[in-house]
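The structure appears below as structure tokens.
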Amino acid sequence: MTGKRTMTLNLTDAEMSALEELSARKDLNKTAVLRQALRLYQLIEARVEAGEKLYFESETTREKAEVMFL
Amino acid sequence: MSVNSWVVYLFEVESSQLVEAELRDAILEDQLEDWENHWQPELWSAMLRLKAQGVWPVKQESAHWNWQDKIQSIRSLLAYRTFCITCGGMTQGMMQVDLTKSARIESQKGKPIVYIDYLENAPWNRPTLNNPARYRNVGTLLIRAAIELSRAEGFKGRIGLHSLPQSNNFYASKCGMTDLGPDSDCQNLRYFEMTIDQARSFLEVPKE
Chain A
26 MTGKRTMTLN LTDAEMSALE ELSARKDLNK TAVLRQALRL YQLIEARVEA GEKLYFESET
86 TREKAEVMFL
Chain B
30 MSVNSWVVYL FEVESSQLVE AELRDAILED QLEDWENHWQ PELWSAMLRL KAQGVWPVKQ
90 ESAHWNWQDK IQSIRSLLAY RTFCITCGGM TQGMMQVDLT KSARIESQKG KPIVYIDYLE
150 NAPWNRPTLN NPARYRNVGT LLIRAAIELS RAEGFKGRIG LHSLPQSNNF YASKCGMTDL
210 GPDSDCQNLR YFEMTIDQAR SFLEVPKE
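Residue numbers (my numbering), protein chains in the order written: chain A, 26 to 95; chain B, 30 to 237.
As structure tokens, then:
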């Protein structure tokens, strides 16, 4: 849609494996996975910065665990 | 900020003709001014007019949506995208989507979707307020834009949304989306989702 710019990304084997695994699981190409990650990272950062907290909640026990965001 | 636009066609009811309109991938200040200065006054005057005619107007379930607040809260966040359709120098429809949600249908569970946060038609295009409506096709074109965005982002056409009760039939019948039933986590609104195949079918079927 909007203009795109190209960059080279250097990843370790483990990072590349994780990216490939996510790519397969999410049915996305690697670029789309990284763009999705950037969207989420920016969104979480903005909400935490605004004073909100990030939690994971267990579906079974309803137990909540706060995620520390650095 | 660069804004892309495409020529689309709305069905003008009065002339029974297709008229040229513009789809843009942004909601800008012009749209917010149209919402405040034209949509809101028209919404309330139409409801008063119907009451004066002895017709109890169908509840406008999106009446409390404040587009200025919505756009302000997502400004510069990559997770959200907005679209509008303009025709005759006026905003005819607006949509906000979220790119961080995942699919729920078992066959595509966990895969990313374009989730439609809000989709609204101008009051004069709603037959429940203004019969006959001025333009038709606005909602369909915005759904199409969501599907095209889903494809462009690599989500392959998958989209999802929670529907206001007045729109359930539109999403089920006209859009061919799967109805996953009421969602207790979202005011019991029905959740609808479109698969890759449903998206393909939607794009293939010629719209009026």
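Beta carbons are placed, not taken as given, at the ideal position from N, Cα and C, and that holds for glycine.
Original post:
When burial is assigned at 16 or more other CB atoms within 10 Å of the CB, is Asp-63(B) buried or exposed?
Top reply: Translated into the one-based positions of the second sequence, residue 63(B) becomes position 34. Counting Cβ neighbours within 10 Å, Asp-63(B) comes out buried, since at least 16 surround it.
Subject >> Under the three-state DSSP convention, the category Glu-88(A) falls into >> reply: The residue you call residue 88(A) lines up with position 63 of the first sequence. Coil.
**OP:** Could you spell out where the beta strand (DSSP E) holding Tyr-220(B) opens and where it closes?
**Re:** Here residue 220(B) refers to the residue found at position 191 of the second sequence. Where Tyr-220(B) is concerned, the enclosing beta strand (DSSP E) stretches over 218–223.
Original post:
Tell me, which residues are paired with Asp-212(B) by DSSP?
Top reply: In the second sequence, the residue the question calls residue 212(B) occupies position 183. Bridge partners of Asp-212(B) according to DSSP: Leu-218(B).
**OP:** With a cut-off of 8 angstroms on the beta carbons, I'd call Ala-50(B) and Thr-115(B) a contact; round off their distance for me.
**Re:** Here residue 50(B) refers to the residue found at position 21 when the second sequence is read from its first residue. Here residue 115(B) refers to the residue found at position 86 when the second sequence is read from its first residue. Rounded to the nearest angstrom, the Cβ distance from Ala-50(B) to Thr-115(B) is 6 angstroms, consistent with a contact under 8 angstroms.
**OP:** Answer with yes or no whether the minimum CB distance from Glu-222(B) to chain A is below 8 angstroms.
**Re:** Translated into positions along the second sequence, residue 222(B) becomes position 193. No, because no Cβ of chain A sits closer than 8 angstroms to the Cβ of Glu-222(B).
**OP:** Give the residues of chain A in contact with Gly-183(B), contact being defined as C-beta atoms less than 7 angstroms apart.
**Re:** Your numbering for residue 183(B) matches position 154 in the second sequence. At a C-beta separation below 7 angstroms, Gly-183(B) has these neighbours in chain A: Leu-53, Asn-54 and Ala-57.
Original post:
Whose C-beta lies closer than 6 angstroms to the C-beta of Leu-72(B) among residues of the same chain, with five residues either side of it excluded?
Top reply: Here the question's residue 72(B) lines up with position 43 in the second sequence. For Leu-72(B), where only same-chain residues beyond five positions count, the Cβ hits under 6 angstroms are Pro-152.
**OP:** Determine, using beta-carbon pairs with one atom in the stretch 160–169 of chain B and one in the stretch 213–228 of chain B, whether at least three such pairs fall under 8 angstroms.
**Re:** Output reads no: the stretch 213–228 of chain B does not touch the stretch 160–169 of chain B.
Subject >> Beta-carbon spacing of Leu-65(A), Lys-55(A) below 8 angstroms >> reply: Reading the first sequence from its first residue, position 40 is the one you call residue 65(A). Reading the first sequence from its first residue, position 30 is the one you call residue 55(A). Taking 8 angstroms as the Cβ cut-off, Leu-65(A) and Lys-55(A) do not qualify as a contacting pair.
Subject >> Burial state of Asn-95(B) (16 or more Cβ within 10 Å) >> reply: To locate residue 95(B), count along the second sequence from 1; it is residue 66. By the 10 Å Cβ count, Asn-95(B) comes out exposed.
Original post:
To the nearest angstrom, how far is it from the Cα of Arg-87(A) to the Cα of Leu-128(B)?
Top reply: Counting from one through the first sequence, the residue named residue 87(A) turns up at place 62. Counting from one through the second sequence, the residue named residue 128(B) turns up at place 99. The straight-line gap from Cα to Cα measures roughly 26 angstroms.
**OP:** Please work out which residues of its chain come closer than 6 angstroms, Cβ to Cβ, to Tyr-200(B), disregarding the five sequence neighbours upstream and downstream, and give them in chain order.
**Re:** What you label residue 200(B) is simply residue 171 of the second sequence in a count that begins at 1. Excluding positions up to five away in sequence, the list reads Ser-192, Met-206 and Phe-221.
Subject >> Per-residue DSSP class, three states only, for Asn-150(B) >> reply: Here residue 150(B) is taken as the residue at index 121 of the second sequence, counted from 1. In this structure, Asn-150(B) counts as strand in the three-state DSSP scheme.
Original post:
Do you know whose CA, among Ala-81(B), Arg-110(B), Asn-160(B) and Asn-198(B), lies nearest Ile-176(B)'s CA?
Top reply: Position 147 of the second sequence, counted from the first residue, corresponds to residue 176(B). Minimum Cα distance to Ile-176(B) is reached at Arg-110(B).
Original post:
So is Gly-28(A) in contact with chain B if we call contact Cβ pairs under 8 angstroms?
Top reply: Position 3 of the first sequence, counted from the start, is the residue given in the question as residue 28(A). It does: the Cβ of Gly-28(A) has a partner Cβ on chain B nearer than 8 angstroms.
**OP:** Compare the C-beta of Ala-49(A) with all C-beta atoms of chain B and state if any pair is closer than 8 angstroms.
**Re:** Along the first sequence, read from residue 1 onward, the residue named residue 49(A) stands at position 24. Not flagged as an interface residue toward chain B: Ala-49(A), since no C-beta distance is shorter than 8 angstroms.
Subject >> For Leu-39(B), the nearest candidate out of Ser-131(B), Ile-134(B), Met-119(B) and Glu-65(B) (CA to CA) >> reply: Residue 39(B) sits at position 10 when you count from the first residue of the second sequence. Considering only Ser-131(B), Ile-134(B), Met-119(B) and Glu-65(B), the residue with the shortest C-alpha distance to Leu-39(B) is Met-119(B).
Original post:
Under a three-way DSSP split, which group does Gly-168(B) fall into?
Top reply: Along the second sequence, one-based indexing puts residue 168(B) at 139. Taken through DSSP and simplified to helix, strand or coil, Gly-168(B) comes out as helix.
**OP:** Could you tell me the distance, in whole angstroms, from the CA atom of Ile-145(B) to the CA atom of Gln-216(B)?
**Re:** Numbered from 1 along the second sequence, position 116 holds the residue referred to as residue 145(B). Numbered from 1 along the second sequence, position 187 holds the residue referred to as residue 216(B). Roughly 16 angstroms between the two C-alpha positions.
Original post:
Which one or two residues does DSSP pair with His-191(B) in a beta bridge?
Top reply: Here residue 191(B) corresponds to residue number 162 of the second sequence, with the count starting at 1. BP columns for His-191(B) point to Tyr-220(B).
Original post:
In angstroms, rounded to a whole number, what distance separates the CA positions of Met-76(B) and Asp-52(A)?
Top reply: Reading the second sequence from its first residue, position 47 is the one you call residue 76(B). Reading the first sequence from its first residue, position 27 is the one you call residue 52(A). Spanning the two alpha carbons is a distance of roughly 46 angstroms.
Subject >> chain A residues whose Cβ lies nearer than 8 angstroms to that of Ala-108(B) >> reply: Reading the second sequence from its first residue, position 79 is the one you call residue 108(B). Per Cβ cutoff of 8 angstroms: Arg-64, Leu-65, Gln-67 and Leu-68.
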